[in-house]
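K.L.:
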Amino acid sequence: LTVQAIQTRDYPLVQGCVLVIAISYVLVNFFTDLLYKLVDPRVAYDK
Numbered sequence: 013l014t015v016q017a018i019q020t021r022d023y024p025l026v027q028g029c030v031l032v033i034a035i036s037y038v039l040v041n042f043f044t045d046l047l048y049k050l051v052d053p054r055v056a057y058d059k
């Protein structure tokens, strides 16, 4: 979908795809950090 949107110069769709990909990346990293904390209790995020 993203490649086709780029080829047809559908910029709003490209922006939407990039936004969804970026938000997905952030959420996956966040949940990975949470799971890492649950799996290894020695990890502390305190300051």
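Per our numbering, residue 13 is the first one in the sequence shown, and the count goes up by one each step. All C-beta atoms, glycine included, are put in the ideal place defined by N, C-alpha and C.
Put ASP52 into one of helix, strand or coil per three-state DSSP.
P.N.:
Residue state, collapsed to three classes: coil.
K.L.:
Quick check: ILE18 and VAL26, are their CB atoms within less than 7 Å of each other?
P.N.:
A contact, by the Cβ cut-off of 7 Å.
K.L.:
TYR48 and VAL55 look like a contact to me (Cβ under 8 Å); what is the Cβ gap, rounded to whole Å?
P.N.:
Going by Cβ atoms, the distance from TYR48 to VAL55 rounds to 6 Å, so yes, they are a contact pair.
K.L.:
Within its chain, find whatever has a CB closer than 8 Å to the CB of LEU13; leave out the 5 residues flanking it on each side and keep chain order.
P.N.:
Contacts found: LEU25 and CYS29.
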